[in-house]
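Reviewing the structure listed below.
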Amino acid sequence: MRPEAAAEFEVVNPATEEVIGVVPVAPAAFASEAIAAAQAGFGVWAATDVEARARMLERLAQAMEDHRSQLSELTSAEIGTPVKDAATGQVDLPVRVLRSYADIARKYPWDTRDAAGSAVVREGAGVVVAITPWNFPVHQIIAKLAPALVAGCSVVLKPAELTPLNALFLAALCESIGLPPGVFNVVTGKGSVVGEALLQSDGYEVVSFTGSLQVGRHVGEVAGSKVARAALELGGKSPAVVLDDADLTTAVQTTVRNCFVNAGQKCNAPTRLLVPRARLDEAVEIAGEVAGSYVVGDPSDPATTMGPVASAAQRDVVTGFLDRARSDGARVVTGGETQQWERGYFLTPAIVTDVSRSAEIAREEVFGPVLVVMAHDGEEDAVALANDSDYGLSAEVWSGDPGRAARLARRIKAGQVRVNGVRTPELPVSPFGGYKRSGIGRELGELGLDEFVEIKAILGDPFVGEE
């Protein structure tokens, strides 16, 4: 459904600054139509049995695989990530998430009996408003859409203004596989207008938001005023803790590469590398060498290892952080350069050191290719420094002793801790979400499905588990 007489806005390729698409700017009034469509869709979809919902997710996964090249090229053009990375992160990973939720749905405790003999029934909560970011657009959509759909919910999606084309592509795929009308609705436009109107609407039961802390606070406040559930993923300033018995070269090289995925535009990027003080200079040298080896350029070129940041505004944000850090006495070892490109929002990856623990660049989320290298004075200090943050989304720990690393991981206040370089498992069911200001709720796996269900107790029901 397209808004009548809607204005339009242009979608720009951040590598070329060329317009690659034009989409409607939905007015605020369109929010009520989208919610109404989702309410009608929910009535149909919630009555569909779980097996049919699971099969629908599998059909969407297959459709995405069938269109892998198109979707990865489109996503690369929208956000600037190299095409090969877009294929693995924005098609292959979301496909695995869809298939994982189909499997989870078949085993989930939809209808059980408790110790008192009462039936405990889990069912879809209702209409979901999903608000997604631009940095990993397809994955973030699927991480919300898959559990919502398999729960029996309908969804109104407001994608980021920078990356709406992939959302419309997914909507077309959903239509092609036979998802009923109104079950998945996409509203493009400004977050401050139609996004806010959706949030202020009265017809939803869950809002799932990924974005900044500032906006997330507002989303949570509005949802709370309506007694609607809010799942919030709000970013991080993730530490990578390297202990004195770790292989320093491997730990530093891996951390740099993990930090600079998608040009550092990743909420769980390990942006604080914490190393033993005696080896700080060595770590900085290794990090600088790895950063300097990146090939920054055309995302469609197989030789490229880093594309541009997503927009001119985001590039300015990153260079602003670096400029202020220099003014405060930090040393930018390498990177932060923009001059060599005539077009595109390119930026060389930066390694920063000689910063205080209270420095802005050591505490605030930069959301770009910037890694801060800092010293710690032993394990206790490393834990204290890692936890000295308003955020708690992700962390990494490195030790030559796996047991020591595992014990350290349990002391880090973060929703996900990666030990000795472990990344996202092939089966993407480990819960993802944060402590502290990094948010509320979890995505992926069974805990991600829990965000979209209501729980009903039926006392004296003799038909538990029956259809």
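In the numbering used here, the protein residues as written are 2 to 468.
Using N, Cα and C, we set each Cβ at its ideal position, and we do this for glycine too.
Computed from a predicted structure; not experimentally measured.
- Task: Look up glutamate 444 in the DSSP assignment and give the residues it is bridged to.
- Result: DSSP output for glutamate 444 lists Phe433 as bridge partner(s).
- Among all the DSSP beta bridges, which residues are the ones paired with histidine 377? Pro277
Notebook entry, point to check: Which residues mark the beginning and the end of the alpha helix (DSSP H) in which proline 1 is found?
Noted result: Limits of the chain in this structure are 2 at one end and 468 at the other, which puts residue 1 out of reach.
**Prompt:** By Cβ distance, which residues of its chain are closer than 6 Å to glutamate 343, with the 5 residues on each side in sequence left out?
**Reply:** Cβ within range, chain order: n/a, list empty.
Exercise. Are at least three pairs of beta-carbons, each pair with one atom in the segment 384-404 and one in the segment 246-254, less than 8 Å apart?
Worked result: yes
What's the C-alpha gap between valine 207 and alanine 229?
6 Å
Counting only runs that start and end within the segment 193-240, where is the alpha helix (DSSP H) found for 4 or more residues in a row? 197-201, 214-226
Using the beta-carbon count (16 or more within 10 Å), is alanine 292 buried or exposed?
-> Alanine 292 is buried by the Cβ-count criterion.
Considering only residues of the segment 49-93, which uninterrupted alpha helix (DSSP H) runs meet the minimum length of 4 residues and lie entirely inside it, listed in chain order? DSSP runs (the alpha helix (DSSP H)) wholly in the segment 49-93: 51-67, 69-80, 84-88.
Relative to the alpha-carbon of alanine 35, which residue among Val12, Arg364, Gln201 has its alpha-carbon at the smallest distance?
Gln201
In the structure shown, what three-state DSSP assignment does lysine 159 receive?
Secondary structure at lysine 159: strand, using DSSP grouped into helix, strand and coil.
Quiz prompt | Expected contact under 8 Å - CB spacing of leucine 99 and valine 157 to nearest Å | solution = The Cβ separation is near 19 Å, so there is no contact.
Given tryptophan 111, which residues of its chain have a CB within under 8 Å of its CB, disregarding the five upstream and five downstream residues?
Val51, Val122, Arg123, Glu124
If we count the other Cβ atoms within 10 Å of its Cβ and call it buried at 16 or more, is glutamate 79 buried or exposed? Answer is buried; the Cβ neighbour count reaches 16.
Helix or strand or just coil, what does DSSP make of valine 135?
-> Here the sequence assigns tryptophan to residue 135, which means valine is not the residue at that position. In this structure, tryptophan 135 counts as coil in the three-state DSSP scheme.
(Q) Please report the straight-line C-alpha distance between alanine 144 and arginine 218, rounded to a whole angstrom. (A) Between alanine 144 and arginine 218, the C-alpha separation is close to 21 Å.
Can you find the residues in the same chain that come closer than 6 Å, C-beta to C-beta, to valine 242, ignoring five residues on each side of it along the sequence? Excluding residues within five positions, the ones whose Cβ falls inside 6 Å are Leu275, Ala383, Ala387, Val398.
(Q) For the ligand COA, I want to know if arginine 405 counts as a neighbour, meaning its beta carbon is within less than 7 Å of at least one of the ligand's heavy atoms. (A) Among the components modelled here there is no ligand, and therefore nothing to report on the ligand COA.
### One or two residues paired with glycine 22 in a DSSP bridge
Val12
Helix, strand or coil: how does DSSP classify serine 439 here?
coil
**Prompt:** Nearest CA to the CA of alanine 87: which residue from Asp317, Gly379, Gln71?
**Reply:** Gln71
Given a cut-off of 8 Å on the beta-carbon distance, is the pair proline 15 and alanine 311 in contact? yes
- prompt: Since glycine 183 contacts alanine 39 with CB under 8 Å, what's their CB separation in whole angstroms?
  reply: 6 Å
Alpha carbon of arginine 69 to alpha carbon of isoleucine 142, nearest angstrom:
16 Å
Would you identify the three-state DSSP class for isoleucine 476, choosing helix, strand or coil? Since the first and last residues shown for the chain are 2 and 468, residue 476 lies out of range.
Glycine 393 (DSSP reduced to helix, strand or coil): strand
Notebook entry, point to check: Which word fits glutamine 340, buried or exposed, when buried means at least 16 other C-beta atoms lie within 10 angstroms of its C-beta?
Noted result: A residue is called buried once 16 or more other Cβ atoms fall within 10 Å of its Cβ, and glutamine 340, having fewer, is exposed.
For leucine 58, which residues in the same chain have their Cβ closer than 8 Å to its Cβ, ignoring the five residues on either side in sequence? For leucine 58, same chain residues with a beta-carbon under 8 Å away, outside a window of 5 residues either side, are Leu99, Arg100, Tyr102, Ala103, Ala106, Ala147, Leu150, Val151 in chain order.
task: Measure the Cβ-Cβ separation of phenylalanine 433 and arginine 443 and say whether it is below 8 Å.
output: yes
Could you pull the start and end residues of the alpha helix (DSSP H) that arginine 364 belongs to? First-last of the alpha helix (DSSP H) with arginine 364: 361-364.
Pairwise C-alpha distance: glutamate 286 and leucine 448: 41 Å
Beta-carbon proximity of valine 296 to alanine 304, cut-off 8 Å: yes
(request) Buried or exposed for valine 423, please, with buried defined as at least 16 other CB atoms from any protein chain shown within 10 angstroms of its CB. (result) With a threshold of 16 other beta carbon atoms within 10 Å, valine 423 falls short and is exposed.
Is the Cβ-Cβ distance between threonine 211 and proline 160 less than 8 Å?
no
Helix, strand or coil for tryptophan 399? Go by DSSP, reduced to three states. strand
Between which two residues does the alpha helix (DSSP H) containing threonine 256 stretch? 249-260
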